[in-house]
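In the numbering used here, the protein residues as written are 1 to 288.
All remarks here apply to the structure that follows.
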Amino acid sequence: MRGAAIEVSAGAFTRVYDPSEGLSEQWYINDHTIVRDAEGGWHLFGITHPEPGAPFDETVFAHATARSLHGPWITRDPALLVDPDYGETHLWAPHVVYADDRYWMFYSGGGPDRTATAINLATSPDLFHWTRHPDGPLFHDGYDARDPMVLRIRGLWVMYYCATSDPEGGYHVVAYRVSPDLVHWGPRRIAYADPLTGTEGGNTESPFVLRHNGIWYLFIGPRPEYVGTEVFRGEGPFHFRPSDRVGRIRAHAAEVVDDGELWVTSAGWAQGGVSLAPLLMPDGECGP
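As structure tokens, then:
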């Protein structure tokens, strides 16, 4: 670690959305995304399922809306249901961006081969009605490659996602691919490689890349426990090293949201929904 002066941390978490409200059983939100619409309203999309956690039975994307990031949030009809005819076996980890007068949702649709899982795309004009890309998955990767996060960098689109160094297993990595149009993606490259080996998502799940005051940061987890996210300072947006850890946040599936202030989310199994905390950056910027 490069020193306490550049630590990244978070303030106290407050629950802002409980998908179980008004229901007879407890539901969770896991990997999720929050996006703002053209009128300034907020939309949350995420994995959802009754407790306890059952990742391979997660077949619905939750949708909730709010006028304020801090709620109250209103549960809407599901955004997407699993489509076996499209090759999907589950729905994991949506991420939504806005471009070319529509919203683009990237997500993992699974498939029968966990060494070649599908990264899929659906688009919407209004965040309520979604249509899958007609040509099928954007690409396949493993092991259980998933948790896409898309960012515009230097005139190109970049998709970060968790994978393993070899699709059949190996070092847990954050991979990335580059696209000019959000549909055609280049070969995989590696932004971060962890010393830990295995299969499945491991400890590089939920990658989120943030540029703040000219410095690039990578958020990944769970590490070292389920409710835990670590932050790494990068040498640019494509090179992060385990030795460059600059913070730890008690959050699962963390996403950074900007409403004029920076906030970090937390969700997951047995977490009671989605919580929000001010993100404390090295220059002292944070939520109120």
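Don't be surprised by glycine CBs; every beta carbon is placed ideally from N, CA and C.
Keep in mind that this is a model prediction, so the values were computed, not measured.
Margin query: Once the 5 residues before and after Ile74 are set aside, which same chain residues still bring their CB inside 8 Å of it?
Written below: For Ile74, the CB contacts under 8 Å within the same chain, skipping 5 residues up- and downstream, are Ala64, Thr65, Ala66 in chain order.
Item checked: Burial state of Asn120 (16 or more Cβ within 10 Å) -> By the 16-neighbour rule on beta-carbons within 10 angstroms, Asn120 is buried.
Checklist line | Three-state secondary structure (DSSP) of Phe106 | finding: Here DSSP, grouped into helix, strand and coil, assigns Phe106 to strand.
Notebook entry, point to check: So which of Leu156, Arg146, Tyr17 has the shortest CA-CA distance to Ile220?
Noted result: For the options Leu156, Arg146, Tyr17, the alpha carbon positioned closest to that of Ile220 is the one of Arg146.
Checklist line | Counted within 10 angstroms of its Cβ, other Cβ atoms place Ala79 as buried (16 or more) or exposed | finding: Buried, since its Cβ has 16 or more Cβ neighbours within 10 Å.
Note to self: For Gly272 and Arg15, I'd like the C-alpha separation in whole angstroms.
What the structure shows: Looking at the two C-alpha atoms, the distance is approximately 8 Å.
Next item on the list: Locate the beta strand (DSSP E) running through Arg146, then write down its first and last residues.
Entry: Looking at the DSSP string, the run of the beta strand (DSSP E) that includes Arg146 is 146 to 153.
Item checked: Distance, Pro187 Cα to Ala122 Cα -> Rounded to the nearest angstrom, the two C-alpha atoms are 21 Å apart.
Next item on the list: Can you give me the Cβ contacts of Gly11 inside the same chain, cut-off strictly under 6 Å, excluding the 5 residues immediately before and after it?
Entry: Leaving aside the five residues that flank Gly11 on each side, the residues in its chain whose CB is nearer than 6 Å to its CB run, in chain order, Ala277, Pro278.
Checklist line | Val274 classed as buried or exposed, judged by whether at least 16 other C-beta atoms fall within 10 angstroms | finding: With 16 or more Cβ atoms within 10 Å of its Cβ, Val274 is classed as buried.
Check: Helix, strand or coil for Asp244 per DSSP?
Finding: Looking at Asp244 - three-state DSSP - the assignment turns out to be helix.
Note to self: Taking 6 Å as the limit between beta carbons, can you name the residues of its chain near Gly3, skipping five residues before and five after?
What the structure shows: Summary for Gly3: the model assigns pLDDT 40, below 50, so the residue's position carries little reliability; its value from the coordinates is reported in the next sentence. For Gly3, where only same-chain residues beyond five positions count, there are no Cβ hits under 6 Å.
Next item on the list: Please name the residue, chosen from Asp283, Ala270, Asp259, that lies closest to Gly71 on a Cα-to-Cα basis.
Entry: Nearest to Gly71 by C-alpha distance, out of Asp283, Ala270, Asp259, is Asp259.
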